[in-house]
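Trainee: Can you keep this structure in mind? I'll have questions shortly.
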Amino acid sequence: MNAVINAHGLQVAYGKHVALNLEDFRIEPQAGVVGLFGPNGAGKTTLLRTLVGDIAKFKGSLQAPNRTDISYLPDEPFLYPWLSVGQCVELFTARHSDFRVDVFEEFLAGAAFSASSKVRSLSKGMSERLHLALIMSRAPKLYILDEPLAGVDPLARDYLLELIRTLRSPEAPLLLSTHLINGVDSIFNEIVLISDGRLLTHNSADNLRALGDGDLELAYKRSVSGR
């Protein structure tokens with residue numbers, strides 16, 4: 000079975016600064032939920048934007064699904080503030096034939112807003128939950144989430160992580176970039192660590208935990224520091 004993402008010698012530069020330099024990077028169809036970790040400026044967002052085609056100027060080779068086959072949540076809101084929640088659903092339903100209304104409703108069960116609520120009236124956490132629900136309600140070839148839970152309170156975060164794990168389309172791997180490790184690590188099947196634009200390790204979450212004596216955050220710190 001072909002890899003969903005297959006990159007060789009992938010390099011992205013801004014002027015003389017090389018932001019991303021990956022010799023080999025693969026995500027297989029059965030990868031499940033893949034955590035993308037790295038310090039600020041490590042190249043995480045550059046990698047994600049390259050995968051979805053927002054960055055088209057790069058060296059090396061990259062095979063990835065077409066943009067229409069990727070359900071991508073950027074790290075900034077993309078919904079127009081004057082839209083209602085119901086209008087957002089209508090737009091996604093019209094644009095994406097793989098949109099699953101039942102999954103959307105499950106993501107927003109118990110949310111403190113209705114279909115008539117305007118996007119601009121939502122709190123930061125509720126807005127992030129709406130954006131996440133729309134993205135996860137698709138059944139694409141690949142999910143890419145960039146810092147999806149930064150503004151969500153811990154109790155809601157645990158609930159949403161479980162929904163991400165159980166309601167994603169099972170045929171599609173999910174690449175999730177986050178600076179949060181403790182409290183979210185249980186969702187990951189695989190971990191990708193990058194630093195200074197380079198791949199430090201790509202391993203199963205269990206194997207990486209073993210490097211940190213069972214603590215994924217400690218394993219991450221040891222990998223980045225080289226100790």
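No gaps in the numbering here: position 201 of the sequence shown is 200 in numbering that gives the first Met the number 0, and each next residue is one more. We put the beta carbon where it would ideally sit given N, CA and C, even for glycine. Since the model is a prediction, treat every value here as computed from it, not as a measurement.
1. In the DSSP assignment, the alpha helix (DSSP H) including residue 94 goes from what residue to what residue?
2. Answer yes or no: do residue 48 and residue 98 have a C-beta to C-beta separation smaller than 8 Å?
3. Let me check understanding here. Comparing Cα to Cα, which of 29, 30, 191 and 57 lies closest to residue 19?
4. In chain order, which beta strand (DSSP E) runs of at least 3 residues are fully inside the region 13 to 40?
5. Measure the CB-CB distance between residue 51 and residue 78 and report whether it falls below 8 Å.
6. Answer yes or no: do residue 133 and residue 103 have a C-beta to C-beta separation smaller than 8 Å?
7. Closest by CA to residue 204, which one among 214, 165 and 168?
8. Please report how far the alpha carbon of residue 212 lies from the alpha carbon of residue 219, in whole angstroms.
9. Would you mind listing the beta strand (DSSP E) stretches within the region 117 to 176 that are 3+ residues and don't spill past its ends, in chain order?
Mentor: On the basis of the data shown:
1. Along the sequence shown, one-based indexing puts residue 94 at 95. Residue 94 -> alpha helix (DSSP H) spans 84 to 94.
2. Translated into the one-based positions of the sequence shown, residue 48 becomes position 49. Translated into the one-based positions of the sequence shown, residue 98 becomes position 99. Contact flag unset, no.
3. As a working note, residue 19 is residue 20 in the sequence shown. It is 57 whose Cα lies nearest to the Cα of residue 19.
4. 16 to 26 and 32 to 36
5. Along the sequence shown, one-based indexing puts residue 51 at 52. Along the sequence shown, one-based indexing puts residue 78 at 79. No; because the gap between Cβ atoms is not below 8 Å, this pair is not in contact.
6. Along the sequence shown, one-based indexing puts residue 133 at 134. Along the sequence shown, one-based indexing puts residue 103 at 104. A contact, by the Cβ cut-off of 8 Å.
7. By one-based count along the sequence shown, residue 204 stands at place 205. Residue 214 is the option with its Cα nearest to residue 204.
8. Counting from one through the sequence shown, the residue named residue 212 turns up at place 213. Counting from one through the sequence shown, the residue named residue 219 turns up at place 220. So the two alpha carbons sit approximately 11 Å from each other.
9. 141 to 145 and 173 to 176
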